[in-house]
Every structure is written in structure tokens, then in C-alpha cells.
Amino acid sequence: MKRKKIMLDVVYVTNSALGFDYLRDNMAYSAEDVVQRPFFYCVIDEVDSILIDEARTPLIISGPGETSTEKYFQTTKLAKILRPQIHYTTDEKTQNVTLTNEGVNFCEQALKIVDLYNPDEPWIFYILNSLKAKELFEKNKNYIVNENEEIIIVDEFTGRTMPGRRWSDGLHQAVEAKENLPIQDETKTLASISYQNLFLLYKQLSGMTGTAKTEEAEFEKIYNLRVVTIPTNRTIKRKDLSDLIYKSQYVKWRCIAQECLEMNNLGRPVLVGTTTIEKSELLAALLSEYQLPYRLLNARPENVESESEIIAQAGCKGAITIATNMAGRGTDILLGGNTTFLTRGMIKEIFSNTNSFKKLKADINVDLKDDNLIQEIREQYIQLLKLPLSEIEKQSDPATLLFLKIYNHLFTEQTKVVEETRKTILNLGGLHVVGTERHESRRIDNQLRGRAGRQGDPGSSRFFLCLEDKLLRIFGGDQILNLMQDFGFPDDTPIQSGLLNKSLESAQKKVEAFYFDTRKQLFEYDQAINIQRNSVYAARRNIFEQQTVRRWLIECAEQSLIDLFNRIKFVKNQDAVKFISVKLQNLLGTPFPGQLSEMGVQDLEFLQQQIEITYDLKELEMELIEVGLFRELEKAFILQEIDGAWTEHLQKIGFLRDSIRWIAYGQKDPLTEYKKEAFNYFNIMLARIRHRIVYFVLRSKIIIL
Numbered sequence: 009m010k011r012k013k014i015m016l017d018v019v020y021v022t023n024s025a026l027g028f029d030y031l032r033d034n035m036a037y038s039a040e041d042v043v044q045r046p047f048f049y050c051v052i053d054e055v056d057s058i059l060i061d062e063a064r065t066p067l068i069i070s071g072p073g074e075t076s077t078e079k080y081f082q083t084t085k086l087a088k089i090l091r092p093q094i095h096y097t098t099d100e101k102t103q104n105v106t107l108t109n110e111g112v113n114f115c116e117q118a119l120k121i122v123d124l125y126n127p128d129e130p131w132i133f134y135i136l137n138s139l140k141a142k143e144l145f146e147k148n149k150n151y152i153v154n155e156n157e158e159i160i161i162v163d164e165f166t167g168r169t170m171p172g173r174r175w176s177d178g179l180h181q182a183v184e185a186k187e188n189l190p191i192q193d194e195t196k197t198l199a200s201i202s203y204q205n206l207f208l209l210y211k212q213l214s215g216m217t218g219t220a221k222t223e224e225a226e227f228e229k230i231y232n233l234r235v236v237t238i239p240t241n242r243t244i245k246r247k248d249l250s251d252l253i254y255k256s257q258y259v260k261w262r263c264i265a266q267e268c269l270e271m272n273n274l275g276r277p278v279l280v281g282t283t284t285i286e287k288s289e290l291l292a293a294l295l296s297e298y299q300l301p302y303r304l305l306n307a308r309p310e311n312v313e314s315e316s317e318i319i320a321q322a323g324c325k326g327a328i329t330i331a332t333n334m335a336g337r338g339t340d341i342l343l344g345g346n347t348t349f350l351t352r353g354m355i356k357e358i359f360s361n362t363n364s365f366k367k368l369k370a371d372i373n374v375d376l377k378d379d380n381l382i383q384e385i386r387e388q389y390i391q392l393l394k395l396p397l398s399e400i401e402k403q404s405d406p407a408t409l410l411f412l413k414i415y416n417h418l419f420t421e422q423t424k425v426v427e428e429t430r431k432t433i434l435n436l437g438g439l440h441v442v443g444t445e446r447h448e449s450r451r452i453d454n455q456l457r458g459r460a461g462r463q464g465d466p467g468s469s470r471f472f473l474c475l476e477d478k479l480l481r482i483f484g485g486d487q488i489l490n491l492m493q494d495f496g497f498p499d500d501t502p503i504q505s506g507l508l509n510k511s512l513e514s515a516q517k518k519v520e521a522f523y524f525d526t527r528k529q530l531f532e533y534d535q536a537i538n539i540q541r542n543s544v545y546a547a548r549r550n551i552f553e554q555q556t557v558r559r560w561l562i563e564c565a566e567q568s569l570i571d572l573f574n575r576i577k578f579v580k581n582q583d584a585v586k587f588i589s590v591k592l593q594n595l596l597g598t599p600f601p602g603q604l605s606e607m608g609v610q611d612l613e614f615l616q617q618q619i620e621i622t623y624d625l626k627e628l629e630m631e632l633i634e635v636g637l638f639r640e641l642e643k644a645f646i647l648q649e650i651d652g653a654w655t656e657h658l659q660k661i662g663f664l665r666d667s668i669r670w671i672a673y674g675q676k677d678p679l680t681e682y683k684k685e686a687f688n689y690f691n692i693m694l695a696r697i698r699h700r701i702v703y704f705v706l707r708s709k710i711i712i713l
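Residue numbers are given in our numbering: position 458 of the sequence shown equals residue 466, and the series is strictly consecutive.
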């Protein structure tokens, strides 16, 4: 069914599903398992979120690893007693942790080992991951723990959970150990691709979003895409008020709650954007103290289920909605409320309440003497509400017809109420958006602001900040604190200055530039193996699409023969010559006359002919057992060997990428050296694939029990 849908001319698919399908297609063992058509034209919704934000992390398909997980518990205990600045330093800008010399010595003594960096038993990766889990990955911000005691990643850009996704390189196991949860086995990378190289596979690429202008340079440099600003349909009436900066978190959150109270008293709807689950629940607790009604939307499963309804009703009079990151929510906030959701809500209330149902009977002048019909409606309405109205209208049974009459009556009533409420809210000033701190990217702030003042409606926005916020703490919070103390500002008096707003934007530009460099580096390093990846994937696809791989396999055998033949020219040791001789005989399955070291071009031609004879004899042997068996076996051997070698290659490339940066101390460019080494690794991999495939195919035997 999935393959049938994806084979259509126009396909709508999520970016991660597209990427994983691409990787799985290139791990397939038959043409029937491939679901995607060749890439041609792509239109990306929320293009900045996908090609900019999510491009920091590559897509990875993992398989079971072989490393023990016991070390994670040991290093987690060790991380708890290591002291910041003395044993390790944390860089929040680069999201990295580094051990000091004293920390290295302390860890070696605690673990009773000689060298943390011993390649035979490296501990350094476990320790650094445990420290990252301790310092940089926070519960209810970067992840949540579900009822099954699993770590579920929270998407930092959309605020949604990502079930089934795991951090790579042992980081997920370190977080599991930190939370004292069962540790799942470590994994190894089977296939990987960055979003940049995935979407650059399309011949034509385009996208749409409301917040791409700040990333114009990156779109042009990486994707060769030009950003065009389309004027708004109606004039923007939203007022973006100056930020308020407080000394402490406590005062800031109290002032946010007070702002919600004032807007609620006026009747204006309020949307509050928070950065983490924890902070959204903190504000919810504060609003409960003020006895203010609110709706909460964050990554917790019970809130996500009603996401569309919460956002759709955020424009109702006096509504207060608390939500983590508002990127890509996909539902407009309509002032006055959403008529469809209001109608559905009323139906649920009426059909679950006998008195409300009797009142409705009088309002719509319907005779409901038939108790069986009433009971039938009550049993069906929940299922009917799950269907589009167009589907309900196609049904003709009495219960559904009555349901439609009730639905249309309530919808008409709610349309009038919503229109009147909308006029009232417009006169009050529209939706008011509150930001609880500045994000690292200006685009995310703009996405939050942009929820107000849509389609020419009035609206307003204001950000509440404090000196303990991450952005201010990293970029100049101490200077602002000194300024506030010098001027004698009381704790509950905020700074409100256009100059400070410009300073904050400057800090955000620095963060954006840093992340651009991170994404650019990921792109450049992935580009180095992108040609290799495309070559391997093209070879795989070519193999299982062909009826026979005889010519391909014989070419591999001949090339392997040349490889062994050429090695003789450089080998002087007689034992090594004998070793190569044995390998050659194993390859051919037959001895050959003469001294190997004295063989010439004519002998090589003879051996190449012998290869074809050996192949034909092997094919005949297999076909006598079962027709078509040899064709299936050779394809399976080839694909398994390519997959195994590619997995090993990815592991080596990963280690190379992690260690190559140290070469900069030798006045060499790490990227250039990385490309050279990756190319050498690739050639070695291809030679090993050839040798192993030829040996397995030509020397395979069927054992009949």
C-alpha cells in the first residue's frame, strides 16, 4: 500500500519519512522492496525548519552493536562526582564537554586504568557522553521519560516528541544511565545521510515559509536557492513591543503571570510561548495560583493528542494558551474561536448530558420519542465526529440524518456567536503574544510573534527576559547586570531599551552564524563521502535490477586477480609470495603451473580465462541442484557483502571524523586530510568487497543433509 501511494505523481510526505525511506530503499534486497521513484521536483513546507534547523543532525539507520552497556553505569556514577571547572569544562555554545588534565588523572585513578584513550579499551567516549548527559541534556527540555521507562527525544524546533528516534554514538545510553533506566544495547550505523545531501538529490528544489529571510545567505551557499519575499496580502497591524529585562527568573515569571491576568481581565486572548516543558508547567502552576483558566500544549502525550483543538481555540475571548515552540503547528489561531471545533465540543457535551439533550430537542423542534434512536445516536456520535463532514453527509440512516440536523443547527448558532466575539476581540486589540525568553534563532522568535496579527488583524507581542536566560547568560548578561546595579534599578523594575534589543539581536546573529558553521561543516564532511554513498547505492540498485550479474562478477574476479598479480611485483619475502599463491589458488579453485613470481602477461590472461571457466562450472553445479539457485545466491552474497563492508566503512569514517580535527595542530587542513583518508578507506573497501564476493561465490557449496 505504501509503495502504491509513493509511486503516484504527487506525494505528500514528512521529511524524516522521506529520508528513512531513501536509506531503506538502498538497503533493499529486491526491486519489489523499493518504494520510492527517482527524485525530480520537491516543494518543502516550512523550508527553513527542515533545511536549516533539522540539518544539524543527519538521518541514521542503526543496527545492533557489540559494545557492553555496563560502562555507562560506571561513568554515570563517576560523572556525578566530577567537579565543573576543576575536572571538566562545559561549552554551552558548542554543546561540548572537555576533561581537564586533573580530570583525566582523576578518572584514570577512579577507574584503575592507565590510559583513558587506549584504543583497545577506550573509556573517554563513555565519560564525555556521561558528562554531556549530566550538563547539557535536561529532562522535560531535551527529552521526557514515558510510562514504559523509555527516553523520548523532544524536538527542540517543534516541541514535539520523536518516538523511535535515538541519539547516536552512545549518547542515548548515557542519558538512560543518568535516569537509572534500563539501557538498550548500543547501536552501529548501517546507513546515514544529511538533509542537505538528501534534498540536493532532487533536480529541482523549492520551498515556502514565513521566516527564511534571516537565513538567506545559507540557502544560497548550500542549496543554491534564492529567497524571495512575497508582500503580505493585508497590511500588518501587529505591535511588537520592546523586550522587558528583569534581574531574576522569579520576578520575570511573576510579571508574565501578571500580564496574563491583565489581558484576561480585558478579555483579550493570550498565547504564551515557552522553550521547555518544565517552564510551561511552571507558568501553568503560577496561573493556577491566580485562578486563571488556561490550556497547556507541550510534548507530553496527553497534551499532544488535543494539539489542533488547543491552537484553534487560542483566539477565544479571554483564552490563555501556554505552548512550547510554535513552529510548524499547522493550525491557524482564529480570533473569536474556531466554529468547527466549538460545534464538536458542544455535541460532546450535549450527547453526554441528558438535560442538555432534552433542551436541544425543543430548540430544533425534533420529536425524539424513540428511545432506541436516541441511544443509537449516543453510541455513534463519537465515531461520527472522527469523520469529515463530507463523509457524514453521504450516509442516510435515521440516526446519522438526525445527527446532521443537530450538527448544522449548532454550527449556525456558533457561527453567529464567533462572529460577534471576533468583533469584540478586534476592538480590544486582538491576540497578545508573550515570549518567555529569546530563542537562539531570530526566526523562531518571529514564528512566535507571527501568530498574532494574521490577515490584517490587530495584535501585539512582547518578550519577557531575565539575566539568567541562556542567551543573556552566554552573551553579555553580566554587563547588563552591572549596568542595572550602577543605576540602582529595583529587582522588580525591568530595563526597556531599543539599544538592548539591538544587542540581543546581535547575540542571536552570533549564535546563528555559529550554527551555520556547524551545518556547513556537517555538509562539507558529508559531501566527502556523498560520492562514495551514491556509488555504492547505484551499484546495489544495479545488481538487483539485473537478471544476471555474471559479467559484473567476472569483472570483479578479474580485477581481484590483477590486484593479487600486482602485489607480487612489490613483495620480496618468499613466505608472502606463498601466501598470495594460496589465496590465488583458493580464488580459482585449481592449482596453476610455474613460479608465481615469474608469471607474465600471458599467464595473467590464462588465469583470467580460468576465472570464467571456474564461474561456469560453479553455475552448472548449482543449477543441477535447483534451477535459478545460483542467481539468487550470488545476488544475496554480493548485497550482503556490500552492506557489511559499507557498515564497517561508516564506522571507520566516523572515527576518522572525530579524530581528524587534531591534525590542525600540525598546520594541516582537517577537511582536506579527511577527504584524502576517506578516499583511501573507500578504495580499500572496494578491494575487500571484490575479493570477498569472488571467494564466496566461486568457493560456495551446497550441503545436502
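Every residue, glycine too, gets a C-beta built ideally from N, C-alpha and C.
Computed from a predicted model, the values in this text were never measured in an experiment.
Touching or not, the stretch 45-63 and the stretch 211-220, by the rule of three or more beta carbon pairs under 8 angstroms?
-> yes
Under the DSSP definition of a beta bridge, which residues are partnered with S469?
-> Position 461 of the sequence shown holds residue 469. D248, V441, per the DSSP bridge assignment.
Measure how close the beta-carbons of L291 and A265 come, nearest whole angstrom, since I'm counting them as under 8 angstroms.
-> For the purposes of this step, residue 291 is taken as residue 283 along the sequence shown, with counting starting at 1. For the purposes of this step, residue 265 is taken as residue 257 along the sequence shown, with counting starting at 1. Contact flag correct, Cβ pair sits at about 7 angstroms.
Is T106 near T97, with beta carbons less than 7 angstroms apart?
-> Numbered from its first residue, the sequence shown carries residue 106 at position 98. Numbered from its first residue, the sequence shown carries residue 97 at position 89. Contact flag set, yes.
For W570, which three-state DSSP category applies?
-> Position 562 of the sequence shown, counting from 1, holds the residue named residue 570. The residue you asked about is not Trp; residue 570 is Ile in the sequence shown. Helix, per DSSP.
Entirely within the stretch 67-111 and at least 3 residues each: give me those beta strand (DSSP E) ranges in chain order.
-> 67-72, 96-99, 104-107
Thinking just about the alpha-carbon of each residue, which of G443, K413, R462 is nearest to the one in L434?
-> Within the sequence shown, numbered from 1, the residue matching residue 434 stands at position 426. L434 has its Cα closest to that of R462, out of G443, K413, R462.
Report yes or no: do the stretch 676-685 and the stretch 547-559 share at least 3 C-beta pairs separated by less than 8 angstroms?
-> no
Reduced DSSP secondary structure (H/G/I, E/B, other) of R32 | Looking up residue 32 in the sequence shown gives position 24. Three-state DSSP puts R32 in a helix.
For V426, the three-state DSSP class (helix, strand or coil) = On the sequence shown, residue 426 is found 418 positions in, with the first residue counted as 1. Helix at V426.
Given a cut-off of 7 angstroms, decide if N454 and T219 are closer than it, judged by their beta-carbon atoms.
-> Reading the sequence shown from its first residue, position 211 is the one you call residue 219. Reading the sequence shown from its first residue, position 446 is the one you call residue 454. Yes, Cβ-Cβ distance for T219 and N454 is below 7 angstroms.
I238, DSSP secondary structure in three states | Along the sequence shown, read from residue 1 onward, the residue named residue 238 stands at position 230. Here I238 sits in coil by DSSP.
If you scan the stretch 154-211 from start to end, which runs of the beta strand (DSSP E) of 3 or more residues do you find wholly inside it?
-> 159-162, 195-201
Which whole-angstrom value describes the C-beta separation of R470 and L249, a residue pair presumed to lie in contact below a C-beta threshold of 8 angstroms?
-> Working through the sequence shown from its first residue, we reach residue 470 at position 462. Working through the sequence shown from its first residue, we reach residue 249 at position 241. That pair is a contact at about 4 angstroms.
Limits of the unbroken beta strand (DSSP E) element including I121 = Start at 1 with the first residue of the sequence shown, and residue 121 comes out as number 113. Here I121 belongs to no beta strand (DSSP E), and DSSP marks it neither H nor E.
Given that a residue counts as buried once 16 or more other Cβ atoms are within 10 Å of its Cβ, and exposed if not, what is R446?
-> Numbered from 1 along the sequence shown, position 438 holds the residue referred to as residue 446. Flag for R446 reads buried.
Measure the alpha-carbon distance for P502 versus S360 and round it to whole angstroms.
-> For the purposes of this step, residue 502 is taken as residue 494 along the sequence shown, with counting starting at 1. For the purposes of this step, residue 360 is taken as residue 352 along the sequence shown, with counting starting at 1. So the two alpha carbons sit approximately 49 angstroms from each other.
Whose CA, out of Q117, R430, L439, lies closest to the CA of R276?
-> Position 268 of the sequence shown, counting from 1, holds the residue named residue 276. For the residues Q117, R430, L439, the minimum Cα distance to R276 belongs to L439.
Can you tell me which of Y37, E634, A546, S24 puts its alpha carbon nearest to the alpha carbon of A644?
-> Numbered from its first residue, the sequence shown carries residue 644 at position 636. With distances taken between Cα atoms, A644 lies closest to Y37.
Three-way DSSP call (helix, strand, coil) for G336 in this model | As a working note, residue 336 is residue 328 in the sequence shown. Confidence at G336 is low in this model, with a pLDDT of 48, below 50, so its placement is unreliable and the value that follows should be read with caution. Coil.
Span separating the alpha-carbon of I390 from that of S404 = Looking up residue 390 in the sequence shown gives position 382. Looking up residue 404 in the sequence shown gives position 396. Taking the straight line from one Cα to the other gives about 18 angstroms.
Proximity below 7 angstroms, CB of L26 to CB of A87 | Reading the sequence shown from its first residue, position 18 is the one you call residue 26. Reading the sequence shown from its first residue, position 79 is the one you call residue 87. Result no, Cβ atoms of L26 and A87 do not sit closer than 7 angstroms.
Grab the span of the beta strand (DSSP E) containing G636 for me, first residue to last.
-> By one-based count along the sequence shown, residue 636 stands at place 628. Segment: none, G636 is in no beta strand (DSSP E) and carries neither H nor E.
Which of the three DSSP states, helix, strand or coil, is assigned to T22?
-> The residue you call residue 22 lines up with position 14 of the sequence shown. Note: T22 maps to coil in three-state DSSP.
Closest by CA to N241, which one among D465, A141, H417, G662?
-> For the purposes of this step, residue 241 is identified with residue 233 of the sequence shown, where counting begins at 1. The shortest Cα separation from N241 among D465, A141, H417, G662 belongs to D465.
Below 6 angstroms CB to CB, which residues in the same chain sit around G303 once its five sequence neighbours on both sides are set aside?
-> Taking the first residue of the sequence shown as 1, we reach residue 303 at position 295. According to the sequence as given, residue 303 is Arg; it is not Gly. Closer than 6 angstroms at the Cβ level, and outside the excluded window around R303, lie I318, T329.
Tell me whether N273 is buried or exposed, calling it buried when 16 or more other Cβ atoms sit within 10 Å of its Cβ.
-> What you label residue 273 is simply residue 265 of the sequence shown in a count that begins at 1. Exposed: under 16 other Cβ atoms inside 10 Å.
Note down the Cα distance separating Y80 from A185, rounded to an integer number of angstroms.
-> Counting from one through the sequence shown, the residue named residue 80 turns up at place 72. Counting from one through the sequence shown, the residue named residue 185 turns up at place 177. Straight-line Cα distance between these residues: approximately 6 angstroms.
What separation, rounded to the nearest whole angstrom, lies between the Cα atoms of V635 and L641?
-> Position 627 of the sequence shown holds residue 635. Position 633 of the sequence shown holds residue 641. Taking the straight line from one Cα to the other gives about 12 angstroms.
Does DSSP put S667 in a helix, in a strand, or in coil?
-> Counting from one through the sequence shown, the residue named residue 667 turns up at place 659. Helix, per DSSP.
Does DSSP put D405 in a helix, a strand or coil?
-> By 1-based counting over the sequence shown, the position of residue 405 is 397. Coil.
Euclidean distance between Cα positions of S288 and Q388 | Locating residue 288 in the sequence shown gives position 280, where the first residue counts as 1. Locating residue 388 in the sequence shown gives position 380, where the first residue counts as 1. Approximately 36 angstroms, taken between the alpha carbons.
So does the stretch 187-199 actually touch the stretch 151-159, counting three or more Cβ pairs closer than 8 angstroms?
-> yes
Closest by C-alpha distance to T348, when choosing among A307, A327, H417 | Position 340 of the sequence shown, counted from the first residue, corresponds to residue 348. Considering only alpha carbons, the answer is H417.
Pick from T351, I701, D477 that is closest to Y415, judged by C-alpha positions | Start at 1 with the first residue of the sequence shown, and residue 415 comes out as number 407. Ranking the options by Cα distance to Y415, first place goes to T351.
Could you check the C-alpha separation between W175 and P66 for me, to the nearest Å?
-> For the purposes of this step, residue 175 is identified with residue 167 of the sequence shown, where counting begins at 1. For the purposes of this step, residue 66 is identified with residue 58 of the sequence shown, where counting begins at 1. Looking at the two C-alpha atoms, the distance is approximately 11 angstroms.
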